[in-house]
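Numbering (UniProt numbering), first residue to last: 1 to 269.
See below for the structure under consideration.
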């Protein structure tokens, strides 16, 4: 058999198998995908010959990898405008915005929540909630959104915030997602404090939008979150944005980050 014929069969088989996996994954059933994989890779499978078995492995696992959620971490001190920019990203690029803080506050407000009192105590004192709780809430939210909307790209706002968060995420979630990059909104504390106090005066409803809590949160950010940003910066994953500019100007810089990723992947976001 000529090399040209072998190559042609490999390409054809690869495309066919990939389509099978795309079809099975659309049902949101991992058991279906596992069944298809086992059948296709079985020695008795009538779909495959020894010649194209390698192609099956490659296409199967590349398809499974591409199904992982795409994640962008969004970090910045309180009042840096993360929420505003996340809303713009959602509108322009179709990402799902998951705020670790909002998820924790929602969980705290649920009457039947087993973590409610614990979460409230941590937030009031400007402390970081245990990573096990936060990772579980984030993972559940991603699973729910993918199932209900089919969307698989997420902005994770306000996480990871410290070394414990980072270690917990790495252990529990790093193999389950594709981390694209980290957006870091930077600026002076004075500007951020003023923004938060105005937000509190306008009736934000947040118990931590007061001067005492803000000072605690800013100290926590400086001591615990900035080392995490440095960790990702060493990996070349951090995009630093000047958060003191007007929201539209800030978003222009944000867009550059997303377009750069889209161009490097050769696909539109």
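By construction, the Cβ of each residue, glycine as well, lies at the ideal position given by its N, Cα and C atoms.
Item, Value
"What would DSSP say about residue 177, mapped onto helix, strand or coil?", "coil"
"For residue 172, verify whether its CB is less than 6 Å away from any heavy atom of the ligand FAD.", "With respect to the ligand FAD, the structure offers nothing, as it holds no ligand at all."
"Whose C-beta lies closer than 8 Å to the C-beta of residue 166 among residues of the same chain, with five residues either side of it excluded?", "160, 228 and 231"
"Buried or exposed: which applies to residue 258, given that a residue is buried once 16 or more other Cβ atoms fall within 10 Å of its Cβ?", "buried"
"Please list the segments of the alpha helix (DSSP H) lying wholly inside the stretch 104-135, counting only runs of 4 or more residues, in order along the chain.", "116-124"
"Would you mind sorting residue 80 into buried or exposed? The rule is 16 or more other CB atoms within 10 Å of its CB.", "buried"
"Tell me, which residues are paired with residue 73 by DSSP?", "156 and 182"
"Could you tell me if residue 153 is buried or exposed, where buried requires 16 or more neighbouring beta carbons within 10 angstroms of its beta carbon?", "buried"
"Using beta-carbon positions only, say whether residue 244 and residue 187 come within less than 7 Å of one another.", "yes"
"Where does residue 80 fall in DSSP's three states?", "coil"
"Below 6 Å CB to CB, which residues in the same chain sit around residue 131 once its five sequence neighbours on both sides are set aside?", "164, 165 and 168"
"Figure out for me which residue from 88, 89 and 129 has the closest Cα to the Cα of residue 102.", "129"
"Count the other CB atoms, across all protein chains shown, that sit within 10 Å of the CB of residue 28; report buried if there are 16 or more and exposed otherwise.", "In this predicted model, residue 28 has a pLDDT of only 42, less than 50, meaning its place in the structure is not dependable; the value taken from the coordinates is given anyway. The residue in question, residue 28, is exposed, as its Cβ has fewer than 16 Cβ neighbours within 10 Å."
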